[in-house]
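K.L.:
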Amino acid sequence: MKLFGLLGYPVGHSASPAMMNAAFQAQNEAAVYLPFAVPPEQIEVALNGLQALGAVGVNVTIPHKRSAYAWVKQRTAEAELVGAVNTVRFTADGAIGHNTDVSGWWKSVAPYVQSNQPRVVIIGAGGAAMAILAAIASQRPSAHVVMAARRENAVDDLRQLFAHRLTIHYATWEARASEIAQADLIIQTTPIGMWPAIAQSPVEDAGVFSAGQVVQDIVYRPRQTQFMRLAAEQGATVVDGVSMLVYQGVDAYEWWLDKKAPVDTMFAAVNDKLVAEQTEHE
Numbered sequence: 103m104k105l106f107g108l109l110g111y112p113v114g115h116s117a118s119p120a121m122m123n124a125a126f127q128a129q130n131e132a133a134v135y136l137p138f139a140v141p142p143e144q145i146e147v148a149l150n151g152l153q154a155l156g157a158v159g160v161n162v163t164i165p166h167k168r169s170a171y172a173w174v175k176q177r178t179a180e181a182e183l184v185g186a187v188n189t190v191r192f193t194a195d196g197a198i199g200h201n202t203d204v205s206g207w208w209k210s211v212a213p214y215v216q217s218n219q220p221r222v223v224i225i226g227a228g229g230a231a232m233a234i235l236a237a238i239a240s241q242r243p244s245a246h247v248v249m250a251a252r253r254e255n256a257v258d259d260l261r262q263l264f265a266h267r268l269t270i271h272y273a274t275w276e277a278r279a280s281e282i283a284q285a286d287l288i289i290q291t292t293p294i295g296m297w298p299a300i301a302q303s304p305v306e307d308a309g310v311f312s313a314g315q316v317v318q319d320i321v322y323r324p325r326q327t328q329f330m331r332l333a334a335e336q337g338a339t340v341v342d343g344v345s346m347l348v349y350q351g352v353d354a355y356e357w358w359l360d361k362k363a364p365v366d367t368m369f370a371a372v373n374d375k376l377v378a379e380q381t382e383h384e
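Numbering (the working numbering), first residue to last: 103 to 384.
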């Protein structure tokens with residue numbers, strides 16, 4: 103039995119175990135994917151233990167991505183670009199760190215991004231924004247990127263990190279609505295609107311959105327956030343956070359096992375889990 107898992111703190115909310123175990127079952131893979139709640143001070147102990155047990159690989163989520171980056175012996179180009187690891191593969195020569203958040207996010211929006219020079223607004227400047235910037239730098243380096251965030255210093259750090267690959271502009275939190283109104287692609291990366299505060303949104307005026315825009319909220323609880331609802335009212339194309347979750351999982355699965363992942367099965371498993379959760383809360 104091949105052992106895989108998810109290391110985070112907490113991890114009880116994650117849909118990844120349901121998604122990955124459904125994929126293993128669909129392909130008759132003798133494997134199991136387990137959630138491991140690991141306090142920050144124990145992450146190296148956990149990784150060493152899993153390697154000793156013969157685990158094939160693990161995903162790593164908040165707050166361990168940078169610690170995993172430091173721990174692995176080798177890193178892929180994607181992990182180096184972001185400075186974080188969300189996927190680890192254990193080998194006889196030591197662990198390899200990868201980052202599928204980059205490719206996973208791009209796959210979630212790529213069908214809707216036709217321009218080579220899109221005007222992009224990213225709301226927030228945390229870890230998720232970093233992976234998104236890495237994807238834009240790789241796929242649309244000529245994009246006009248604006249980051250609307252409360253902390254300018256956080257945007258400055260990202261600007262320096264990507265200075266040789268991408269031009270990033272800062273917008274104050276107060277200016278976010280006017281920037282959104284001018285954008286082709288808007289990505290909401292903050293926790294605003296996440297369950298249980300589902301009535302909240304980074305913007306309250308649907309009038310900032312328009313038809314032709316692509317609007318994504320990487321929050322997936324609820325599946326359709328208030329932010330997405332406002333955008334959809336104005337005819338914008340909306341993309342939920344589930345697609346990013348699934349595609350990063352797809353890329354991890356394929357990187358670990360060197361075989362095509364059952365994408366439809368993985369989407370269905372996440373959808374079933376979220377529907378069951380919603381039913382419980384109603």
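For glycine and all other residues, C-beta sits at the position ideal for the given N, C-alpha and C.
(1) Would A285 and V223 qualify as a contact pair, given that the criterion is a beta-carbon distance under 7 Å?
(2) To which residues does DSSP link P137 through a beta bridge?
(3) Which word fits K209, buried or exposed, when buried means at least 16 other C-beta atoms lie within 10 angstroms of its C-beta?
(4) For V317 and D366, I'd like the C-alpha separation in whole angstroms.
(5) Can you find the residues in the same chain that come closer than 6 Å, C-beta to C-beta, to H313, ignoring five residues on each side of it along the sequence?
(6) Please state the DSSP three-state secondary structure of Y171.
(7) Which value, in whole angstroms, describes the spacing of the CA atoms of I164 and V140?
(8) Roughly how many whole angstroms lie between the Cα atoms of Q176 and I198?
(9) Whose C-beta lies closer than 8 Å to the C-beta of V134 among residues of the same chain, with five residues either side of it excluded?
(10) In the DSSP assignment, find the alpha helix (DSSP H) that holds N130 and state where it starts and stops.
(11) Where do the ends of the alpha helix (DSSP H) carrying Q328 lie?
(12) Exposed or buried, which one is E382 when buried takes at least 16 other CB atoms within 10 Å?
(13) Measuring CA to CA, which of A333, A299 and E306 is closest to P324?
(14) Let me make sure I understand the geometry here. Which of P220, V257, N161 and W207 has the alpha-carbon closest to that of A227?
(15) Jot down the residue ranges of each uninterrupted beta strand (DSSP E) in the region 264-294, minimum 3 residues, whole runs only, in chain order.
(16) Please report the distance separating the alpha-carbon of Q315 from that of I270.
(17) Hey, could you find the ends of the beta strand (DSSP E) K232 is sitting in?
(18) How about A148 and K375: do their beta carbons lie closer than 7 Å?
(19) Determine the burial state of L155: buried for a count of at least 16 other Cβ atoms within 10 Å of its Cβ, exposed for fewer.
(20) Can the beta-carbon of K167 be found closer than 7 Å to that of A186?
(21) Can you tell me which of the three DSSP states A370 falls into?
(22) Spell out the partners DSSP gives N161 in its beta bridges.
P.N.:
Quick look at the numbers:
(1) yes
(2) L108
(3) buried
(4) 23 Å
(5) Note that residue 313 is Ala in the sequence shown here, rather than His. Correct list, in chain order: G337.
(6) helix
(7) If you take the alpha carbons of I164 and V140, they lie about 10 Å apart.
(8) 5 Å
(9) The answer, listed in chain order, is M103, K104, L105, F106, N123 and F126.
(10) Unbroken run through N130: none, as it is neither H nor E.
(11) Q328 to E335
(12) exposed
(13) A299
(14) Minimum Cα distance to A227 is reached at V257.
(15) 270-274 and 287-290
(16) 20 Å
(17) Here residue 232 turns out to be Met, not Lys, going by the sequence shown. In this chain, M232 is not harboured by any beta strand (DSSP E); it is covered by the alpha helix (DSSP H) spanning G229 to Q241.
(18) no
(19) exposed
(20) Against a cut-off of 7 Å, the Cβ pair of A186 and K167 comes out as a contact.
(21) helix
(22) L108 and T189
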